[in-house]
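Q: One structure, as structure tokens, below. Some questions next.
2 protein chains.
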Amino acid sequence: MSKLDMRTGSTAVMVLRLLADEPMYGYQMVKELQARSDGYFELEQGTLYPALHRLERDGLVRSEWQPIAEGPPRKYYYITDAGRAALHEGAAQWTDFSRGLLKLLDGVA
Amino acid sequence: MSKLDMRTGSTAVMVLRLLADEPMYGYQMVKELQARSDGYFELEQGTLYPALHRLERDGLVRSEWQPIAEGPPRKYYYITDAGRAALHEGAAQWTDFSRGLLKLLDGVA
DNA sequence: TCTTCGTATATTGATAGTCTAGGTATTGGT
DNA sequence: ACCAATACCTAGACTATCAATATACGAAGA
Numbered sequence: 001m002s003k004l005d006m007r008t009g010s011t012a013v014m015v016l017r018l019l020a021d022e023p024m025y026g027y028q029m030v031k032e033l034q035a036r037s038d039g040y041f042e043l044e045q046g047t048l049y050p051a052l053h054r055l056e057r058d059g060l061v062r063s064e065w066q067p068i069a070e071g072p073p074r075k076y077y078y079i080t081d082a083g084r085a086a087l088h089e090g091a092a093q094w095t096d097f098s099r100g101l102l103k104l105l106d107g108v109a
Numbered sequence: 001m002s003k004l005d006m007r008t009g010s011t012a013v014m015v016l017r018l019l020a021d022e023p024m025y026g027y028q029m030v031k032e033l034q035a036r037s038d039g040y041f042e043l044e045q046g047t048l049y050p051a052l053h054r055l056e057r058d059g060l061v062r063s064e065w066q067p068i069a070e071g072p073p074r075k076y077y078y079i080t081d082a083g084r085a086a087l088h089e090g091a092a093q094w095t096d097f098s099r100g101l102l103k104l105l106d107g108v109a
């Protein structure tokens, strides 16, 4: 099957979902999403970083640089209270949408 | 819950899904999608008509004007063989995506 | 008669998110 | 010396969506 295009707007809720478990840095999120989806979700860095900056601009996450003994420094992201609220809202919408679409497409694929 | 934004790219597969059952005209598709989703999928006309023209341009549907005794004429759309193939492809992708997202968001909403 | 509503197609301009492609820098292995 | 993996980032092009608007017909009601 051809490579997945990220569905517009899903990146934010995916990122918030990851950060709800623990703080993470960008590169880690890419790998974590791959791991949790058996390689299906391939988040491009050119998609992720702008999305993270939007989330921070909107107060849904905050970030903190952390120097690493070996390798380049990491920018850790933390979900905020507003971020958790947005996660619940966004998860509810995407869940409804996904269920509705699965119902509509049931038996076609 | 707030009004649904159509998720980018889902319009095409929804339209093809409807036309796989029977030929329809645009306005009818809007109503039919509402009916099949208990009012959840609200396809805007400014979203639908450009989408239909793209589908026709790409040979996935063809259209035919039909004069009506009462009221404005209707432009009926028919799915093509290429359209059915695209439907299966698109349905498979959206199904995988939806299942993956539901799994990721499970328990959050 | 005039207005409004439901039907039905369509376009325009603004907006927003994704992609490709590139850039910078560090570390470890060959 | 070189390359791959790690880790951050941006710019420009593209595409689909939205809100708003336009046209036109028929029916119902004031």
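Same order as they appear, the protein sequences are chains V and B. Going by the working numbering, the first sequence opens with residue 1, and the numbers climb by one from there. Going by the working numbering, the second sequence opens with residue 1, and the numbers climb by one from there. We put the beta carbon where it would ideally sit given N, CA and C, even for glycine. Model, not experiment: these values are computed from the prediction.
1. As a quick exercise: from B:Arg57, B:Trp65, B:Val108, B:Gly9, pick the residue whose alpha carbon is nearest that of Tyr25 (chain B).
2. How about Leu43 (chain V) and Met6 (chain V): are their beta carbons less than 8 Å apart?
3. Would Leu101 (chain B) and Ser63 (chain V) be called neighbours here (beta carbons separated by less than 8 Å)?
4. Using CA coordinates, which residue listed in B:Arg84, B:Leu104, B:Val30 is at the minimum distance from Val61 (chain B)?
5. Out of V:Tyr27, V:Thr11, V:Ala12, V:Glu22, point me to the one whose CA is closest to Tyr78 (chain V)'s CA.
6. Taking only beta-carbon atoms, is Gly26 (chain V) less than 8 Å away from chain B?
7. Does the ligand FAD have a heavy atom nearer than 7 Å to the CB of His88 (chain V)?
8. At the 8 Å Cβ level, is Tyr110 (chain V) part of the contact set with chain B, yes or no?
9. Report, in whole angstroms, the separation of the C-beta atoms of Gly46 (chain V) and Thr80 (chain V), which I expect to be a contact under 8 Å.
10. Taking Cβ positions, are Ser105 (chain B) and Thr95 (chain V) nearer each other than 8 Å?
11. Beta carbon of Ala91 (chain B), beta carbon of Val13 (chain B): below 8 Å?
12. Please confirm if Gly46 (chain B) has its CB atom under 8 Å from at least one CB of chain V.
13. Around the C-beta of Ala86 (chain B), are 16 or more other C-beta atoms found within 10 angstroms, so that it is buried, or is it exposed?
14. Give me the subset of the stretch 6 to 18 of chain V whose CB atoms are less than 8 Å from a CB atom of chain B, sorted by chain position.
15. Could you give the distance in angstroms between the alpha-carbon of Ala109 (chain B) and the alpha-carbon of Ala51 (chain V)?
16. Identify which residue in V:Gly9, V:Gly107, V:Gln28 has its Cα closest to the Cα of Arg54 (chain V).
17. Quick one: is Arg57 (chain V) buried, meaning 16 or more other Cβ sit within 10 Å of its Cβ, or exposed?
18. At a Cβ threshold of 8 Å, is Ser37 (chain B) touching chain V?
19. Residues in the same chain with beta-carbon distance under 7 Å from Ala20 (chain B), minus the five sequence neighbours each way, listed in chain order, please.
20. From V:Gly107, V:Arg74, V:Ala82, pick the residue whose C-alpha is nearest to that of Gln28 (chain V); which is it?
21. On a Cα-Cα basis, can you pick out the residue from B:Pro67, B:Ser37, B:Arg36, B:Val30 that is closest to Tyr49 (chain B)?
22. Nearest to Glu89 (chain B) by CA position, among V:Ala82, V:Gly107, V:Leu18, V:Arg17, is which residue?
A: According to the data block:
1. B:Trp65
2. yes
3. no
4. B:Arg84
5. V:Glu22
6. no
7. Ligands are entirely absent from the displayed structure, and the ligand FAD is therefore not among its contents.
8. Any property of residue 110 (chain V) remains undetermined from this structure, which presents chain V solely from 1 to 109.
9. At roughly 25 Å, the Cβ-Cβ gap does not stay under 8 Å, so Gly46 (chain V) and Thr80 (chain V) are not in contact.
10. Looking at the sequence itself, residue 105 (chain B) is Leu, so the reference to Ser does not match. Going by C-beta atoms, Leu105 (chain B) is nearer than 8 Å to Thr95 (chain V).
11. yes
12. no
13. buried
14. Arg7, Thr8, Gly9, Ser10, Val13, Met14, Arg17
15. 21 Å
16. V:Gly9
17. exposed
18. yes
19. Ile79, Arg84, Leu87
20. V:Arg74
21. B:Val30
22. V:Gly107
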